[in-house]
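Enquirer: Per our numbering, residue -13 is the first one in the sequence shown, and the count goes up by one each step. C-beta: ideal position from N, C-alpha, C; glycine also.
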Amino acid sequence: MHAALMLSQDDDEDSTLRLYALGLTAWADPSAAGALASELPDLAGPDPHTEPTARRRALQWAADAHDATNTPSTPDPATADTLSPDARTLLDHFAEQTGDAFDDWDLKRLVHAAAEAAAAVLAGDGTDADDVIAVFADSGPATDWDSEMEYHG
-13 MHAALMLSQD DDEDSTLRLY ALGLTAWADP SAAGALASEL PDLAGPDPHT EPTARRRALQ
47 WAADAHDATN TPSTPDPATA DTLSPDARTL LDHFAEQTGD AFDDWDLKRL VHAAAEAAAA
107 VLAGDGTDAD DVIAVFADSG PATDWDSEME YHG
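#1: Write down the C-beta distance between F122 and G9 rounded to the nearest angstrom, noting that I regard them as a contact closer than 8 Å.
#2: Of the residues L5, A49, D53, which one's Cα is nearest the Cα of L76?
#3: So, P32 versus A105, is the Cβ gap smaller than 8 Å?
#4: Rounded to whole angstroms, what is the Cα-Cα separation between S(-6) and G112?
#5: Can you find a C-beta in chain C that's less than 8 Å from the C-beta of A106?
#6: DSSP three-state label for L108, please.
#7: DSSP state of A87, grouped into three classes?
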């Protein structure tokens, strides 16, 4: 089965729809979710707050997956072998609360790993599609996070 969703790269009003599409993709395929997340158009822009807020939002996906399942490092066994090393590192960080805050990772790398890790954890817990979608869609576009990294959606 294949599906396609074509959205304008420049239309801010598509941000919420993009996050819903990301959530649906996460429910179906954690690896694809990582790839899709790293292509979100609100990861770049002239505002100096864009990158820090996008980083915060990505890490929030992993934190919300942990909160939703209380299993921070237990991905779906069917996808565990296919997780990227970066997603595994991020899962280990949340499980053990060790390691760095990923400041040395470039933004697309972090966003990819966070989306993939969150999706794998949610799949491992058997979380239904609506709840998986909510983890991503409720995070709102990066432009809705202020300089103190708080969401205002």
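Expert: Let me spell this out:
#1: 4 Å
#2: A49
#3: no
#4: Caution applies to S(-6), whose pLDDT of 46 falls short of 50 and renders its modelled position unreliable; the value that the coordinates give is listed next. So the alpha carbons of these two residues sit roughly 33 Å apart.
#5: The structure shown contains no chain C; it holds only a single protein chain.
#6: helix
#7: coil
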